[in-house]
Structure formats: structure tokens, C-alpha cells
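**Q**
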DNA sequence: TGAATACTTTACACAGTGTAAATTGACTTA
DNA sequence: TAAGTCAATTTACACTGTGTAAAGTATTCA
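Protein chains in written order, with our numbering: chain A, 328 to 524; chain B, 328 to 524.
What follows is the structure in C-alpha cells.
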């Protein structure tokens with residue numbers, strides 16, 4: 328009757344999510360997730376083909392919880408490219424800490440197996456699309472600084488806002504979210520785009 | 328008589344270097360290196376404690392071949408911070424492709440074991456020191472833009488010139504070394520430092 | 001002759017992922 | 001109540017790659 332009747336798939340996804348965040352994405356084994364979800368390790372393979380598939384599904388699940396799609400839509404609907412840019416960087420700085428463990432797990436195994444790499448790339452598609460859109464809009468508004476095409480601008484922006492860059496600055500160097508946003512916008516505004524207006 | 332009498336350690340280091348570059352740092356096993364060096368897999372452990380130690384030693388060896396120390400000394404000796412900055416970015420853009428496989432191998436295993444992480448960090452110490460030095464010099468010359476302290480400037484510079492950033496732009500996005508240098512200098516000059524003079 | 005050195009050979013322990021198959025228990029349907 | 005279905009469990013094992021251990025071989029040196 329009550330929502331206690333959680334199905335196994337959801338139990339696994341929750342356990343995976345909690346464990347990945349708790350351990351910051353490193354050294355989480357299938358057996359650990361199974362134990363946390365109170366199912367057998369084999370049950371995991373009944374629902375997901377591989378560890379990569381599980382982590383990937385967990386990311387989708389978390390994105391759903393955070394209503395990422397709606398947030399992106401909101402940002403896309405903003406009036407000017409400037410507004411979209413700063414809203415997006417702000418969103419990004421709030422989003423990354425929420426999925427840190429998950430992102431780290433995916434990013435770390437990215438090089439090791441084919442499937443992980445693909446899973447990571449898939450995550451990054453939406454991010455790159457947004458960067459491309461903003462760079463495009465800036466181009467339309469004639470705001471690209473000397474020496475930048477829209478593609479190169481998008482690529483630089485994409486990498487400036489990449490996960491490893493955020494991790495290095497926010498986690499390892501201890502920058503606050505505000506400092507991160509402010510300085511990233513500074514770099515973008517001064518480096519790639521012509522000052523507002 | 329001839330230099331054919333290469334000792335085993337050197338044979339292993341050469342094999343490791345060639346294989347790592349050839350395979351771009353991914354999927355190179357101890358057995359593969361042994362085979363390439365024409366020694367037994369166990370001989371590797373006679374000379375190096377672990378795979379991480381071997382890769383790390385290979386990096387030292389390659390740095391020696393490329394006379395990295397001398398290059399760094401040359402750059403440090405330049406007159407102005409501006410000259411040092413552009414010489415360093417140029418050096419970096421020439422150096423990274425030469426050690427791509429090696430760097431990728433170290434970077435990828437960085438998260439997995441303690442020792443690899445330490446080995447990577449050790450590589451990065453010199454890089455960060457140079458960034459710090461340049462940011463410092465810029466500060467001395469009163470060239471830091473509004474909103475940047477020397478530490479934050481050094482951190483941003485360090486990460487802008489990080490391996491994953493270079494890899495993304497030069498390898499994945501296909502930027503030429505020239506384009507990389509030019510755009511990085513643009514970002515640094517406009518984003519962090521006040522224009523020349 | 002005999003000891004030291006450097007390497008080889010063979011064997012194995014260990015971790016973690018993924019597969020396979022037989023078994024259990026609960027719920028459905030006739 | 002019996003048969004059938006489905007999800008999960010249990011147990012066992014294959015596989016990969018790193019690292020360890022120990023006995024054997026070949027060369028050099030004294």
C-alpha cells in the first residue's frame with residue numbers, strides 16, 4: 328500500500344547513487360552496491376548489463392530527480408545570449424557538486440573500456456550542445472572577439488567548463504561556487520566574447 | 328664494443344616508451360613491455376617495483392632525452408614576464424605531443440591507485456611552479472587584471488594549460504599547436520593579465 | 001672450483017567483473 | 001490444489017592483469 332514497495336531496480340539505483348556520492352566515485356564495487364541495496368550481487372546483472380551501464384543509468388536517474396531537462400529548457404528560453412551564458416555557468420556550478428561522485432566514476436573509467444567512454448561522451452553531448460548554442464547566439468549578436476569562430480569559441484567554452492577543470496578549481500583548489508562562476512564568466516567575457524552590448 | 332651493449336634497464340625503458348606512445352598510453356600491459364624489450368615479464372619487477380614506477384621512470388627518462396630542465400631554465404631566464412609566458416606556452420604545446428602516450432597512461436591511472444596519483448602530482452609540481460612564477464612576475468609588473476590574486480591567477484593558468492584541456496583541444500578538436508598557443512595566450516592575456524605594457 | 005650476479009621459468013595468490021545453472025518462494029490461473 | 005511463471009538467490013567458476021615466490025640456468029670473476 329505505502330510506497331515502501333520499492334522495486335528492485337529503484338533500490339539498486341538509489342544504493343548506487345548514495346554509495347557513489349559517499350565514496351566520491353572511487354572504489355565502489357558491484358558487491359558494495361548490492362550489499363547497500365540489500366540484494367544479491369547477481370541481481371544487479373539481472374537489471375543492468377555491466378557496471379558501466381549501472382553507473383550510466385544512475386546518472387539518468389539523478390538527472391531526472393534534479394529535473395535537469397527543465398532547467399536547461401528554462402535557460403534556453405532566456406532572452407539574451409548574455410543571460411543564457413551566465414545562467415548556464417551558474418547552473419553548471421550548482422549541478423556538478425550534486426553529481427560529483429557519479430561524474431568522477433564515469434570520467435575515471437572513461438579511458439578503460441569502450442562502453443564507459445561512450446557513456447561519458449553521451450553525458451557531454453548536451454553540455455557541448457549548450458556551449459555551441461551560446462557561442463552561436465553570441466555570433467549572431469556580433470559578440471565574438473577577434474580571432475574566434477563559433478566552433479572554436481564553443482570548444483574553448485566547453486573545455487573551460489569541463490568536469491576536470493571544475494574539479495581542479497572547486498574541489499582541489501577550494502574555489503567557492505561563486506568564485507568559480509565569477510572567474511569563469513570573466514574568462515569567457517574577456518577572452519572570447521566582446522564586453523556586454 | 329659498440330653501444331649495442333644496452334643494459335636491461337635501458338632496454339625496458341625504451342620499450343615502455345615506444346609502446347606507450349604507439350598505443351597512446353592505453354592497454355599497455357607489463358607483458359607487452361617485456362615482450363618488446365625481449366626480456367621476461369619478471370625481469371621488469373627486478374628493475375621496477377610496479378607498473379606505476381616503471382611508467383614514472385619512463386617519464387623521467389624521456390624528460391632527460393628532451394632536455395626539459397634546460398628548456399625550463401632557458402625560459403626562466405627570459406627578460407620579461409610576457410616573454411616567459413609566451414615561451415612557456417609554446418614549450419608546453421611542443422612538449423605535450425611528445426609525451427602524449429606516457430601522460431595519458433599516468434593520467435588515466437591517477438584515480439585508481441595511490442601511487443599513480445602521487446606520480447602524476449609529482450609531474451605537475453614543476454608545471455604549477457612555473458605558472459606560479461609567471462603569475463607572480465605579472466603581479467610584480469602590476470599586470471594582474473581586476474579580480475585576480477596571484478594564487479588564483481596561477482591556478483587558472485595551471486588548469487588552462489592542463490593535460491586534459493590540451494588533449495581535448497589539440498587531439499580531440501584537432502587544433503594545431505599554433506592555434507592552441509595563440510588561443511591560450513589570448514585567453515590568458517585578456518582574461519587574467521592586463522594587455523602588454 | 002666455486003661464488004656472485006642477472007635473468008628465466010613456472011607457479012600461484014589476489015581482486016573484481018561477468019557468466020552459468022540449479023534452486024527457492026511467491027503469486028497467478030485454471 | 002496443481003501447474004506454471006517470474007524474480008531473486010545461491011554457489012561456482014572463467015577471465016584478466018598485477019604482483020610474489022622459488023627454483024633453475026648461464027656468465028663472469030676470483
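By construction, the Cβ of each residue, glycine as well, lies at the ideal position given by its N, Cα and C atoms.
(1) At 8 Å on the CB atoms, spell out the chain B contacts of residue 383 of chain A, in chain order.
(2) Determine, for residue 510 of chain B, whether the minimum Cβ-Cβ distance to residues of chain A falls below 8 Å.
(3) If distances are taken between C-alpha atoms only, which option among B:418, B:460, B:509 and B:386 comes closest to residue 443 of chain B?
(4) Need the endpoints of the alpha helix (DSSP H) that residue 477 of chain A sits in, please.
(5) Would a check of beta-carbon distances place residue 379 of chain A closer than 8 Å to chain B?
(6) Kindly indicate which residue of A:492, A:510 and A:450 has the alpha-carbon position closest to the one of residue 473 of chain B.
(7) At the 8 Å Cβ level, is residue 463 of chain A part of the contact set with chain B, yes or no?
(8) For residue 524 of chain A and residue 409 of chain A, what's the separation of their Cα atoms in angstroms?
(9) Roughly how far, in whole angstroms, is the beta-carbon of residue 517 of chain A from the beta-carbon of residue 464 of chain A, given that I think they are within contact range, below 8 Å?
(10) Counting beta carbon pairs with one atom in the stretch 333–340 of chain A and one in the stretch 373–384 of chain A, are three or more of them shorter than 8 Å?
(11) Return the first residue and the last residue of the alpha helix (DSSP H) that residue 517 of chain B is part of.
(12) Just to confirm, is the Cβ distance from residue 450 of chain A to residue 485 of chain A under 8 Å?
(13) Quick one: residues in its chain with C-beta nearer than 7 Å to the C-beta of residue 359 of chain A, no 5 flanking neighbours on either side, listed in chain order?
(14) What are the start and end residues of the alpha helix (DSSP H) that includes residue 429 of chain B?
(15) With residue 357 of chain B and residue 344 of chain B assumed to form a contact (beta carbons below 8 Å), what rounded beta-carbon distance in angstroms separates them?
(16) Along chain A, in chain order, which residues have C-beta atoms closer than 8 Å to that of residue 489 of chain B?
(17) Roughly how many angstroms separate the alpha carbons of residue 482 of chain B and residue 476 of chain B, rounded to a whole number?
(18) Just list the alpha helix (DSSP H) runs in the stretch 380–408 of chain B, keeping only unbroken ones of 4 residues or longer that don't cross its boundaries, in chain order.
(19) Could you confirm whether any beta carbon from chain A is found closer than 8 Å to the beta carbon of residue 353 of chain B?
(20) Indicate whether residue 402 of chain B and residue 414 of chain B have their beta-carbon atoms separated by less than 8 Å.
(21) Candidates A:384, A:341, A:468 and A:351: which alpha carbon is nearest residue 364 of chain A's?
(22) To the nearest angstrom, how far is it from the Cα of residue 417 of chain B to the Cα of residue 388 of chain B?
(23) Under DSSP, the alpha helix (DSSP H) around residue 464 of chain B begins and ends at which residues?
(24) Beta-carbon within less than 8 Å of residue 461 of chain B's beta-carbon, same chain only, minus the 5 sequence neighbours each way: which residues are those?
(25) Pull up the DSSP beta-bridge partners for residue 471 of chain A, would you.
(26) Within the 8 Å Cβ cut-off, does residue 435 of chain B reach chain A?
**A** Judging by the given coordinates:
(1) Here the premise fails: no neighbours, minimum Cβ distance about 18 Å.
(2) yes
(3) B:386
(4) 477–487
(5) no
(6) A:510
(7) no
(8) Here residue 524 of chain A scores only 48 on pLDDT, less than 50, and its place in the model should not be relied on; the value that follows carries that caveat. So the alpha carbons of these two residues sit roughly 9 Å apart.
(9) With a Cβ gap of about 18 Å, residue 517 of chain A and residue 464 of chain A do not count as contacting.
(10) yes
(11) 504–518
(12) no
(13) 346
(14) 427–436
(15) That pair is no contact at about 15 Å.
(16) 491, 492 and 495
(17) 10 Å
(18) 395–403
(19) yes
(20) yes
(21) A:341
(22) 22 Å
(23) 441–467
(24) 408, 411, 412, 415, 481 and 484
(25) A:520
(26) yes
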